[in-house]
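If you read the sequences in order, they're chains A and B. Per this note's numbering, the very first residue in the first sequence carries number 1; after that it's consecutive. Per this note's numbering, the very first residue in the second sequence carries number 1001; after that it's consecutive.
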Amino acid sequence: MSSQPVSVKGSGGAGGAPLRMLWPFALALAVAAFMHFVVGPNFNGTVVQVLLFAGINITLAVSLTMVNGFTGQFSIGHAGFMAVGGYVAGGLVYYLSARFFDSPQIAFHGGILSAGADYRPDPDHPLPLLSRGDLIMIGSCLAGGLVAAGAGYVVGLPTLRLRGDYLAIVTLGFGEIVRVIFQGTGPQVLFTKAQEMRDTPLHQLAWKLGGAQGFNFIPIYATLFWVFLLASITVAAALRLKYSSPGRAMISIREDEVAAQAMGVNVTRYKVRAFVLASFFAGLAGALAALSIGQMNASAYGFIKSFDFIIMIVLGGMGSISGAVLAATVLTILPEALRQFDSYRMIAYALLLIIIMILRPQGLFGIREVWELGPVRRLLARAGRGGSAA
Amino acid sequence: MSSFLQTLIDGVTVGGLYALIALGYTMVYGILKFINFAHSDIFTLGAWMTLTIAGWLGVQAGGGATGPAAWYVGVGVLVLTMVFVGVVGFVIERLAYRPLRQAPKLNVLITAIGVSLFLQNFGQLKFIFGTDPAPTPLLLPGVTLFSVGGVSIQLVDVAVIGTSLVLMLGMEVLIFRTRMGSAMRAVSFSTRNASLMGINVDKVISFTFVIGAMLAAAAGFLYTLKYPGQLKQTADGMWVMLGLKAFVAAVVGGIGNVRGAVLGGLLIGLIEYLSVAYLKSEYRDAYVFAILILVLLFRPEGILGRATVEKV
């Protein structure tokens, strides 16, 4: 394992053929467009809502895989980074659209990519592909992701020297502090108070995030397009990372930290990198979560929420990206599907969790991806031979 | 000055509760090296069982026409609650944790989360405790014992501090003066070596879980004394937060260290109440976690803990 400084950019390898660098993005765009234009219009609002949550949870589970799965560092503060992203993006979109569209009513100002599933095209007033509102939204989401990444750096640098459970406890404490801080922010300036909105300088608005009452009336921009664009990019980034030199350095830390260090891997640096990268994607996912339900409430982002994502990646198999995707999808849909059983569904969920942990401790796929499993590989090989013979 | 003394008394009382819960966290961590996230739900169960058992014994909520219960009824409720919750602790360890003795730590942790979710949601079922808050029984009269410097010492505070003190001294004796205690210390030092020395490790672990659950049940009982009024439903976030602070207390004192848990509990209780009294009270949880992070950064093994050196 070389200790050469290799840049980790999430989007994959540096240099080389530009086409090879770009194909994951093209694929992500295709997936997002397919979800938005083909899947979205064919299902009702409830299904679309569940799909949105599934996409957001996929992003969070896969980003957590980079920390817990690759480097083996146990973080239970992921929901904290999600909350940071959500509050930054939600606050920016809300207050910026109040400023820019200069009307007390923060109406929907998005283009066709941000039009919800119930949008029916109107030939007289066609929506543009992207509008001013979308640009504000994209900028705000990126800001949310970057602030979350910054928070990840600030938390990660001192704490990633701790080991095992102690790191888990610190990240837990961080998540709870984030929650308490957002609960202590000032009251939200409602858009019915246009005068107050105009008179308060932006830096003061930044602290008016609703406090314990939560931050409401965030314009709903997140659609299947944006959510699955982010989810696909996160998956592509995680896959490229896993099979890259820095990714292997990270996995070596997970396997044996002392041995990795002896081989020249700068352990702390790779841990911090994984942590910052994961925080960035978690922040973006939190931003889209806020923009999909239209409100933020810090009390929903405690460590219980972080556990949701840990459960997903452990069930999928630690370090398995396809496992995380599958588990995130199933665990988002399952509680919804069990909703008719009402008070028994959480009991069943809890029992299922315990039983799976006892019967299949390595999770669904272990560290491997679904296409690396024995039966699937044989199947693929047979298909490949059959194809070449024909 | 009198308000300062009052804050101190409240801090010590709550600190005693935290210490009792923290003992359970720290003993399980010391022996199995895993954070038992279901422990706060055991505490919740203790509070709700206090109420249920008091109801069986005919103690009415809020005292009613009969007034507060006799003192021996209170003791009876405490003992029965501890026994019942101890049995629950035994069953949980036997069914959920023992099959995972050889599994990775993360799996045990997830199982603990599963157990926690199970207890929370099972308690919410209509025929168990239900989803509505329930009024606490009046087990002690609201008597002021004496006044010092403008501070009135309540019977409740004395009862809570006294009971936790007795239980903590009992733990001290149990762990450092009995055969079972030395077996527990041996297992926490090295499970493998302890079993080679003829110690029945499974039995010791079961015993630890039962003792931890009983202490948490006692804390639940004392909680209903200290905060009479409405008991929130078992899945309420407030319970988790109380348990979490007790866990913080265990870590601050030095996780795995029994005396550290007591010290940490008192410290966290005092810090929480002093900061609420003299700083912004909205951030009360943040102060506790800030202390946690500071302690972990500068003394990761906790105040009384011993640093472990990783050998290759």
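We put the beta carbon where it would ideally sit given N, CA and C, even for glycine.
Contact check, residue i vs residue j, beta carbons under 8 Å
i       : j       : result
A:A83   : A:G286  : yes
B:L951  : B:Y1223 : Look at the range of chain B in this structure, 1001 to 1312, and you will see that residue 951 of chain B is not part of it.
A:L331  : A:L315  : yes
A:A249  : A:Y221  : no
A:V31   : A:S232  : yes
A:L353  : B:G1123 : no
A:G86   : A:M346  : no
A:V272  : A:L160  : yes
B:I1175 : B:V1252 : no
B:A1235 : B:Y1025 : no
B:L1139 : B:A1054 : yes
B:G1150 : B:M1027 : no
A:V93   : A:I136  : yes
A:A151  : A:S279  : yes
A:A61   : A:A324  : yes
B:L1032 : A:Y166  : no
B:V1075 : B:V1059 : no
A:M35   : A:F228  : yes
A:T223  : A:L113  : yes
DSSP-derived helix/strand/coil call for residue i
i       : result
A:R378  : helix
A:Q183  : helix
B:A1134 : strand
B:M1241 : helix
B:Q1230 : strand
A:G10   : In this prediction, A:G10 scores a pLDDT of 43, lower than 50, which makes its location untrustworthy; the coordinate-derived value is nonetheless stated afterwards. In the structure shown, A:G10 sits in coil (DSSP, three-state: anything other than H, G, I, E or B).
B:M1341 : A question about residue 1341 of chain B goes unanswered here, because the residues of chain B that appear run from 1001 up to 1312.
B:F1298 : helix
A:M21   : helix
A:F215  : strand
B:M1168 : helix
B:N1107 : helix
B:K1203 : helix
N- and C-terminal bounds of the beta strand (DSSP E) containing residue i
i       : result
A:L157  : Note, A:L157: premise wrong, no beta strand (DSSP E); alpha helix (DSSP H) at R132 to T159.
B:L1145 : T1144 to V1148
Within chain A, partners of residue i - CB distance below 8 Å
i       : result
B:T1111 : L353, I354, M357 and I358
B:V1091 : Correct list: empty, because the minimum Cβ distance to chain A is about 13 Å.
Proximal residues of chain A, C-beta to C-beta of residue i below 7 Å
i       : result
B:D1285 : E176 and V180
B:A1096 : I354
B:F1122 : I347
B:P1099 : I358
B:F1118 : I347, A350 and L351
Cross-chain neighbours of residue i in chain A, by beta carbon under 9 Å
i       : result
B:F1129 : Within chain A, no residue comes near B:F1129; the closest Cβ sits about 12 Å away, beyond 9 Å.
B:A1290 : G173 and I177
B:L1125 : S343, Y344 and I347
Residue interval of the alpha helix (DSSP H) (run including residue i)
i       : result
B:V1151 : B:V1151 -> not in any alpha helix (DSSP H); beta strand (DSSP E) instead, spanning V1151 to Q1154.
B:E1272 : V1258 to Y1278
A:F34   : Counting along the chain, A:F34 falls outside any alpha helix (DSSP H), and DSSP gives it neither H nor E.
A:M82   : H78 to F100
A:G45   : G45 to L64
B:N1193 : T1191 to L1196
A:G323  : I321 to A337
A:D308  : F303 to G316
A:H109  : Looking at the DSSP string, A:H109 is not in any alpha helix (DSSP H), and its letter there is neither H nor E.
B:D1236 : Per DSSP, B:D1236 belongs to no alpha helix (DSSP H) and is neither H nor E.
A:Y349  : R345 to L359
A:A300  : Unbroken run through A:A300: none, as it is neither H nor E.
B:Q1124 : Taken as a continuous stretch (DSSP letters only), B:Q1124 belongs to no alpha helix (DSSP H), as it is neither H nor E.
A:A194  : A194 to D199
Contacts that residue i makes with chain B (C-beta to C-beta distance below 9 Å)
i      : result
A:F74  : K1105, L1106 and L1109
A:L162 : L1296, L1297 and P1300
A:I311 : I1110, I1113 and G1114
Cross-chain neighbours of residue i in chain B, by beta carbon under 7 Å
i      : result
A:D165 : I1035
A:I138 : In chain order: nothing, as chain B lies at least about 32 Å away.
A:I251 : In chain order: nothing, as chain B lies at least about 16 Å away.
A:F307 : I1113
Under 8 Å by beta carbon: chain B residues contacting residue i
i      : result
A:I304 : G1237 and V1240
A:Q183 : E1282
A:S63  : Simply none; closest approach about 18 Å.
A:V314 : L1106, N1107 and I1110
Quiz item: Whole alpha helix (DSSP H) runs in the stretch 222-279 of chain A with 4 or more residues, listed along the chain?
Solution: Scanning the stretch 222-279 of chain A for uninterrupted alpha helix (DSSP H) segments of 4 residues or longer gives 224-242, 245-255 and 257-262, listed from N- to C-terminal end.
Quiz prompt | Secondary structure, beta strand (DSSP E): runs of 3+ residues fully inside the stretch 1018-1067 of chain B | solution = As for any beta strand (DSSP E) of minimum length 3 sitting wholly inside the stretch 1018-1067 of chain B, there is none.
Self-check item: In chain order, each alpha helix (DSSP H) run of at least 4 residues that lies wholly inside the stretch 1071-1105 of chain B
Solution: Within the stretch 1071-1105 of chain B, the complete alpha helix (DSSP H) segments of 4 residues or longer fall at 1071-1092, listed in chain order.
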